[in-house]
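Student:
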Amino acid sequence: MDQENVIKKTIEFVKEVLFDAEGGHDWWHILRVWKLSKHIAKKENVNMFIVELGALLHDIADSKFNKGDEEIGPHKAKEFLNSLNVEKDIILHVENIISNISFKGGKHTQKFNSPEFNVIQDADRLDAIGAIGIARTFNYGGHKNHKIYNPEIKPNLSMTKEEYKNSNAPTLNHFYEKLLLLKDRMNTNTGKSMANHRHKFMEQFLDEFHKEWNGDL
18 MDQENVIKKT IEFVKEVLFD AEGGHDWWHI LRVWKLSKHI AKKENVNMFI VELGALLHDI
78 ADSKFNKGDE EIGPHKAKEF LNSLNVEKDI ILHVENIISN ISFKGGKHTQ KFNSPEFNVI
138 QDADRLDAIG AIGIARTFNY GGHKNHKIYN PEIKPNLSMT KEEYKNSNAP TLNHFYEKLL
198 LLKDRMNTNT GKSMANHRHK FMEQFLDEFH KEWNGDL
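Under my numbering, read the sequence shown as residues 18 to 234, first letter to last.
#1: Using the three-state DSSP reduction, which class does isoleucine 57 fall into: helix, strand or coil?
#2: From the DSSP output, in three-state form, read off phenylalanine 129 for me.
#3: Entirely within the segment 122-185 and at least 3 residues each: give me those beta strand (DSSP E) ranges in chain order.
#4: Starting from alanine 212, trace the alpha helix (DSSP H) in both directions and tell me its first and last residue.
#5: State the CB to CB distance for the pair valine 31 and leucine 98, rounded to an integer number of angstroms; the pair is presumed to be in contact (CB under 8 Å).
#6: What would DSSP say about aspartate 201, mapped onto helix, strand or coil?
#7: What are the boundary residues of the alpha helix (DSSP H) that aspartate 106 is part of?
#8: Measure the C-alpha to C-alpha separation of isoleucine 165 and alanine 186 and round it to an integer number of angstroms.
#9: Report yes if the CB atom of glycine 71 is closer than 8 Å to the CB atom of isoleucine 137, and no otherwise.
#10: Thinking valine 111 and isoleucine 67 are a contact (beta carbons under 8 Å), I'd like their distance in whole angstroms, please.
#11: Note down the Cα distance separating asparagine 183 from glutamate 21, rounded to an integer number of angstroms.
#12: Taking the straight line between their C-alpha atoms, what separation do you get for lysine 52 and aspartate 233?
#13: Distance, Cα to Cα, glycine 123 vs alanine 145?
#14: Whose C-alpha, out of Asp76, Lys105 and Ser100, is nearest the C-alpha of serine 116?
#15: Going straight from the alpha carbon of threonine 27 to that of methionine 176, what length do you get?
#16: With H, G and I counted as helix, E and B as strand and the rest as coil, what does DSSP make of glycine 40?
Laid out in structure tokens, this is it:
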């Protein structure tokens, strides 16, 4: 099967699997990350086929919705790509992207890297910040029945991977524990430039939120 048809089949597969997924991790999230990845990749020396496959499959089975199982996503992607007779080295690369793309807490050290991974991770992180990031954060917080905010519960900026995975902190803490950290963790020049704008928008939102919370407006 040629690469164009593999991409088409992958889109169909992802749409079907994520049909009723939580709103921040559904097909529309995948579509945004896929488009952002292709945009960022224009200025990078990458294998575009791997970029597209990795972007489309990066959240095919997010561990947050699979009892913390971090192997199910890479395994599901591998099974699907094998069914299309994709080359083994490409499948392995996509598996590594899926296994390592997620933010896992302030103390976690990333173990895998490639130009394609850098592009997709930037795209995924861009979708986690800015206006879309704010919407996704509160959507997920509501999905998990987290409090919006509790000033008595302070953000934990040095969580271990397990602490981050199991956190039930108020939703607003997530901005300080992850989202505001992403601007300085971007990999590509395009990603860094786009992140600056979205980061500033989040800072404006948080400033407004705290003023309203404290009755200053």
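Note that beta-carbon positions come from the ideal geometry of N, C-alpha and C, so glycine has one too.
Tutor: On the basis of the data shown:
#1: The residue you call residue 57 lines up with position 40 of the sequence shown. Here isoleucine 57 sits in helix by DSSP.
#2: As a working mapping, residue 129 is identified with position 112 in the sequence shown. It is coil, neither helix nor strand.
#3: Not a single unbroken stretch of the beta strand (DSSP E) spanning 3 or more residues falls wholly within the segment 122-185.
#4: In the sequence shown, counting from the first residue as 1, residue 212 sits at position 195. Looking at the DSSP string, the run of the alpha helix (DSSP H) that includes alanine 212 is 206-230.
#5: If you number the sequence shown from 1, residue 31 lands on position 14. If you number the sequence shown from 1, residue 98 lands on position 81. 12 Å between Cβ atoms; not a contact.
#6: In the sequence shown, counting from the first residue as 1, residue 201 sits at position 184. In the displayed model, aspartate 201 falls within a helix according to three-state DSSP.
#7: For the purposes of this step, residue 106 is taken as residue 89 along the sequence shown, with counting starting at 1. The continuous alpha helix (DSSP H) containing aspartate 106 extends over residues 105-117.
#8: Locating residue 165 in the sequence shown gives position 148, where the first residue counts as 1. Locating residue 186 in the sequence shown gives position 169, where the first residue counts as 1. Rounded to whole angstroms, isoleucine 165 to alanine 186 spans 9 Å at the Cα level.
#9: The residue given as residue 71 occupies position 54 in the sequence shown. The residue given as residue 137 occupies position 120 in the sequence shown. Cβ distance < 8 Å, so glycine 71 and isoleucine 137 count as in contact.
#10: The sequence position of residue 111 within the sequence shown is 94, counting from 1. The sequence position of residue 67 within the sequence shown is 50, counting from 1. With a contact defined as Cβ atoms closer than 8 Å, valine 111 and isoleucine 67 qualify at about 7 Å.
#11: If you number the sequence shown from 1, residue 183 lands on position 166. If you number the sequence shown from 1, residue 21 lands on position 4. Distance between the alpha carbons of asparagine 183 and glutamate 21 is about 39 Å.
#12: Numbered from 1 along the sequence shown, position 35 holds the residue referred to as residue 52. Numbered from 1 along the sequence shown, position 216 holds the residue referred to as residue 233. The alpha-carbon atoms of lysine 52 and aspartate 233 are separated by roughly 40 Å.
#13: Working through the sequence shown from its first residue, we reach residue 123 at position 106. Working through the sequence shown from its first residue, we reach residue 145 at position 128. Low confidence applies to glycine 123: its pLDDT is 49, below 50, so where it sits in the model is not reliable, and the reading given next is rough at best. If I take the Cα positions, the gap works out to 16 Å.
#14: Stepping through the sequence shown from its first residue, residue 116 is reached at position 99. Out of Asp76, Lys105 and Ser100, Asp76 has the C-alpha closest to the C-alpha of serine 116.
#15: What you label residue 27 is simply residue 10 of the sequence shown in a count that begins at 1. What you label residue 176 is simply residue 159 of the sequence shown in a count that begins at 1. C-alpha separation (whole angstroms): 35 Å.
#16: Here residue 40 is taken as the residue at index 23 of the sequence shown, counted from 1. Coil at glycine 40, not helix or strand.
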